[in-house]
Amino acid sequence: MAEWFAGYCSWLCDCYASFNGWLYGLQKEFTTAFIVDDRWKYILKGVQNTLILTFYALILGVVLGVIVAAIRTSYDKQYREMKNPIAKFFLWIGNAISKIYLTVIRGTPVMVQILIIFFIIMASSRDKMLCAVIAFGINSGAYVAEIVRAGIMSIDAGQNEAGRSLGLNYMQTMWFIILPQAFKNILPSLANEFIVLLKETSIAGYVGVTDLTRAGNQIRSVTYQDFMPLLAVALIYLVLVMFFTWLVGLLERRLRKNER
Amino acid sequence: MSANYIISVRGLKKHYNRGKIKALNGVDLDVKKGEVIVIIGPSGCGKSTLLRSLNLLEQPTEGQIFLENVDITDRNTNINLHRRKVGMVFQHFNLFPNMTILKNMTLAPIQLKKVKKAEAEKKALELLRVVGLEDRANAYPSQLSGGQKQRVAIVRALCMEPDVMLFDEPTSALDPEMVGEVLDVMKKLAREGMTMLVVTHEMGFAREVADRVIFMDEGTILEEGTPADIFSQPQHERTKAFLNKVL
Ligand SMILES: Nc1ncnc2c1ncn2[C@@H]1O[C@H](COP(=O)(O)OP(=O)(O)O)[C@@H](O)[C@H]1O
Ligand SMILES: [Mg+2]
Numbered sequence: 001m002a003e004w005f006a007g008y009c010s011w012l013c014d015c016y017a018s019f020n021g022w023l024y025g026l027q028k029e030f031t032t033a034f035i036v037d038d039r040w041k042y043i044l045k046g047v048q049n050t051l052i053l054t055f056y057a058l059i060l061g062v063v064l065g066v067i068v069a070a071i072r073t074s075y076d077k078q079y080r081e082m083k084n085p086i087a088k089f090f091l092w093i094g095n096a097i098s099k100i101y102l103t104v105i106r107g108t109p110v111m112v113q114i115l116i117i118f119f120i121i122m123a124s125s126r127d128k129m130l131c132a133v134i135a136f137g138i139n140s141g142a143y144v145a146e147i148v149r150a151g152i153m154s155i156d157a158g159q160n161e162a163g164r165s166l167g168l169n170y171m172q173t174m175w176f177i178i179l180p181q182a183f184k185n186i187l188p189s190l191a192n193e194f195i196v197l198l199k200e201t202s203i204a205g206y207v208g209v210t211d212l213t214r215a216g217n218q219i220r221s222v223t224y225q226d227f228m229p230l231l232a233v234a235l236i237y238l239v240l241v242m243f244f245t246w247l248v249g250l251l252e253r254r255l256r257k258n259e260r
Numbered sequence: 001m002s003a004n005y006i007i008s009v010r011g012l013k014k015h016y017n018r019g020k021i022k023a024l025n026g027v028d029l030d031v032k033k034g035e036v037i038v039i040i041g042p043s044g045c046g047k048s049t050l051l052r053s054l055n056l057l058e059q060p061t062e063g064q065i066f067l068e069n070v071d072i073t074d075r076n077t078n079i080n081l082h083r084r085k086v087g088m089v090f091q092h093f094n095l096f097p098n099m100t101i102l103k104n105m106t107l108a109p110i111q112l113k114k115v116k117k118a119e120a121e122k123k124a125l126e127l128l129r130v131v132g133l134e135d136r137a138n139a140y141p142s143q144l145s146g147g148q149k150q151r152v153a154i155v156r157a158l159c160m161e162p163d164v165m166l167f168d169e170p171t172s173a174l175d176p177e178m179v180g181e182v183l184d185v186m187k188k189l190a191r192e193g194m195t196m197l198v199v200t201h202e203m204g205f206a207r208e209v210a211d212r213v214i215f216m217d218e219g220t221i222l223e224e225g226t227p228a229d230i231f232s233q234p235q236h237e238r239t240k241a242f243l244n245k246v247l
């Protein structure tokens with residue numbers, strides 16, 4: 001009996017010791033990963049770059065997207081009643097280019113697009129961040145264009161008719177009446193696109209941008225430890241996404257309230 | 001075209017789906033300045049299509065429309081200029097929900113007639129006073145009742161000082177107790193000499209203010225005359241049948 005008890009005690013002690021050892025190991029790993037040589041600064045810089053990249057890429061994406069959506073919807077609604085043959089020709093060309101753009105960008109992986117832009121189209125540029133912003137912006141623009149187009153089409157046709165019947169032309173009706181209303185409808189979708197883009201930028205490291213993912217990799221390559229850096233990177237993405245999702249929810253509720 | 005007519009329609013046809021649907025099938029119509037015309041007819045007979053063709057919200061398949069002696073179906077006319085002279089009131093109001101009442105009314109005059117903002121607002125407020133809504137100038141459309149919305153829609157069109165007003169079932173979407181307030185505004189407008197084309201099922205209104213009643217059927221004008229003629233001695237069986245249902 002006593003023998004059994006002693007055995008049990010020593011097993012417990014072993015457990016305790018190894019648990020302690022594990023904790024100690026973690027602590028050491030944590031220290032190596034983030035504290036030594038101020039390596040947490042990599043992570044901080046990475047988060048910063050990820051946010052900057054996402055932000056500017058989305059702005060470029062929205063600008064491109066609105067232009068493409070405007071061309072596509074005016075072609076659909078306006079082309080047949082246009083009279084000026086030169087304007088008609090340019091709209092036709094614009095529409096054709098937009099369609100090719102949408103097809104190519106949405107039909108190829110974003111990774112491939114980035115490599116092409118970085119190593120072929122902008123091979124002479126030294127500014128990696130700029131390349132990445134342009135690559136992700138062009139990619140995002142294709143998705144934003146369809147969001148904006150859906151937003152424009154969601155506005156009741158009567159709004160367009162009311163504007164036109166007052167004598168406003170197509171552009172004026174779009175600008176003053178349709179787009180402000182459409183924008184309100186698409187704001188949540190745009191915010192969602194921001195979240196998707198935030199996660200997608202994790203491949204920017206492949207072309208040398210030190211984003212959050214690459215910051216983690218840099219730490220791994222000096223400490224030869226995978227656990228802590230990867231866990232931290234994943235957690236930070238998760239927290240960012242959860243935070244922005246919460247913001248989008250807030251925004252949606254605000255917009256819905258204004259409708260009444 | 002005789003200068004007497006503010007609108008002249010000649011052989012107007014509008015087909016949909018490559019001719020499968022003949023919404024308008026040869027309409028001729030002359031409207032004198034200051035005339036009030038009420039258009040009646042069964043659902044789907046082409047009343048809306050006719051009205052919408054008059055400011056080219058629908059592109060005619062065939063035929064001509066003269067507005068103040070200008071053929072607006074001609075490829076070289078600037079339709080935006082002519083639409084300013086034709087106000088339109090829709091069944092569902094179509095106010096701009098993202099703007100205040102005042103902004104709804106002043107947007108087009110400021111953009112198109114280059115009127116000063118203060119001047120446009122002064123005029124808008126005057127018109128709002130006429131329809132008893134000057135205290136709602138800064139409200140948004142969603143804060144108004146249906147009848148109030150439609151009164152705003154009417155004065156919004158009037159802000160452009162049109163020569164003709166088109167009404168497409170202006171009271172059909174309203175609760176019964178609000179029909180009167182909108183009809184009153186329209187009667188006032190008619191008495192002031194506005195040229196009006198009104199699609200409506202309000203036969204009382206037709207009797208009271210219409211100079212002419214037009215009965216449409218299957219994309220054509222089947223019969224027209226004074227309200228007294230049409231309502232008491234309709235010539236066609238279809239007119240009789242229709243009036244029996246609505247009177
Ligand atoms: N955009 C359209 N496409 C196809 N058919 C249409 C369209 N608009 C109207 N029509 C058809 O044209 C006919 C006339 O419609 P409308 O002028 O709206 O009739 P009303 O206003 O007298 O009820 C109807 O048969 C309707 O279904
Ligand atoms: Mg109708």
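Quick mapping for you: the protein sequence lines, in order, are chains U and D.
The opening residue of the first sequence carries number 1 in our numbering; numbering runs sequentially from there.
The opening residue of the second sequence carries number 1 in our numbering; numbering runs sequentially from there.
Even glycine gets a Cβ: it sits at the ideal position worked out from N, Cα and C.
Endpoints, alpha helix (DSSP H) assigned at residue 16 of chain D:
Residue range 5-16 is occupied by the beta strand (DSSP E) that includes residue 16 of chain D, with no alpha helix (DSSP H) assigned at that position.
Quick one, what's near ligand 1 if you take every residue whose CB is closer than 5 Å to any heavy atom, in chain order?
D:16, D:21, D:23, D:43, D:44, D:45, D:46, D:47, D:48 and D:49
Local Cβ density within 10 Å of residue 28 of chain D, reported as buried at 16 or more and exposed below that:
It is exposed - the Cβ of residue 28 of chain D has fewer than 16 other Cβ atoms within 10 Å.
Proximal chain U residues relative to residue 215 of chain D, where beta-carbon distance stays under 9 Å:
The contacting residues do not exist; residue 215 of chain D stays about 25 Å from chain U at best.
Short Cβ contact (8 Å threshold) for residue 239 of chain U with residue 53 of chain U:
no
Give the secondary structure of residue 66 of chain D by DSSP, where H, G and I count as helix, E and B as strand, and everything else as coil.
strand
So, is residue 18 of chain D buried or exposed, given that buried needs 16 or more other C-beta atoms within 10 angstroms?
So residue 18 of chain D counts as exposed.
Partners in chain D for residue 77 of chain U, counting only beta-carbon separations shorter than 8 Å
The premise fails here: residue 77 of chain U is roughly 12 Å from chain D at the closest Cβ pair, so nothing lies under 8 Å.
Is there a C-beta anywhere in chain D that falls below 8 Å from the one on residue 84 of chain U?
no
Under 8 Å from the C-beta of residue 84 of chain D: neighbouring residues of chain U
166 and 167
Okay, do the segment 138-153 of chain U and the segment 240-258 of chain U touch, 3+ Cβ pairs below 8 Å being the bar?
no
Going by C-alpha distance, which of U:56, U:86, U:85 and U:216 is nearest residue 135 of chain U?
U:56
Please report whether the beta-carbon of residue 176 of chain U lies at a distance below 8 Å from any beta-carbon of chain D.
yes
Are the CB atoms of residue 225 of chain D and residue 209 of chain D nearer to each other than 8 Å?
Result no, Cβ atoms of residue 225 of chain D and residue 209 of chain D do not sit closer than 8 Å.
With 16 other Cβ atoms within 10 Å as the buried cut-off, status of residue 126 of chain D
exposed
Among the candidates D:170, D:193, D:143 and D:94, whose CA atom is the shortest distance from the CA of residue 183 of chain D?
D:170
On the premise that residue 144 of chain U lies in contact with residue 190 of chain U, defined as a C-beta separation below 8 Å, what is that separation, rounded to the nearest angstrom?
Contact holds; Cβ gap of about 7 Å.
Name the chain U residues that come within less than 8 Å of residue 129 of chain D, Cβ to Cβ?
Residues of chain U whose Cβ lies closer than 8 Å to the Cβ of residue 129 of chain D do not exist, since the nearest Cβ in that chain is about 21 Å away.
Is there a C-beta anywhere in chain U that falls below 8 Å from the one on residue 92 of chain D?
yes
Excluding five sequence neighbours on each side, which residues of the same chain lie with their C-beta closer than 6 Å to the C-beta of residue 68 of chain U?
98 and 145
From the DSSP output, in three-state form, read off residue 116 of chain D for me.
coil
State buried or exposed for residue 10 of chain U, treating a residue as buried only when at least 16 other CB atoms are found within 10 Å of its CB.
Counting Cβ neighbours within 10 Å, residue 10 of chain U comes out exposed, since fewer than 16 surround it.
Do the CB positions of residue 195 of chain D and residue 6 of chain D come within less than 8 Å of each other?
Between residue 195 of chain D and residue 6 of chain D, the C-beta gap is smaller than 8 Å, which places the two residues in contact.
Report the rounded CA-to-CA distance for residue 142 of chain D versus residue 192 of chain U, giving the unit in angstroms.
28 Å
heavy atom of ligand 2 below 7 Å from residue 168 of chain D C-beta
yes
Going straight from the alpha carbon of residue 57 of chain D to that of residue 116 of chain U, what length do you get?
47 Å
If we count Cβ pairs, one from each stretch, closer than 8 Å, do we get three or more for the segment 138-157 of chain D versus the segment 30-38 of chain D?
In short, these stretches do not touch, since the Cβ pair count stays below three.
Whole-angstrom C-beta distance between residue 180 of chain U and residue 80 of chain D, which should lie under 8 Å:
Actually they do not touch by this definition, with Cβ atoms about 21 Å apart.
Can you check whether the C-beta of residue 150 of chain U is within less than 8 Å of a C-beta belonging to chain D?
It does not; no Cβ of chain D falls within 8 Å.
Local conformation of residue 77 of chain D per DSSP, three classes:
coil
Which residue or residues does DSSP assign as beta-bridge partners of residue 71 of chain D?
Partner(s): D:66.
Taking Cβ positions, are residue 168 of chain D and residue 45 of chain D nearer each other than 8 Å?
no
Any Cβ of chain U within less than 8 Å of the Cβ of residue 194 of chain D?
no
Give me the Cα-Cα distance between residue 82 of chain D and residue 111 of chain U, rounded to the nearest whole angstrom.
53 Å
Looking at C-beta atoms only, is the number of pairs between the segment 244-253 of chain U and the segment 170-189 of chain U that lie closer than 8 Å three or more?
yes
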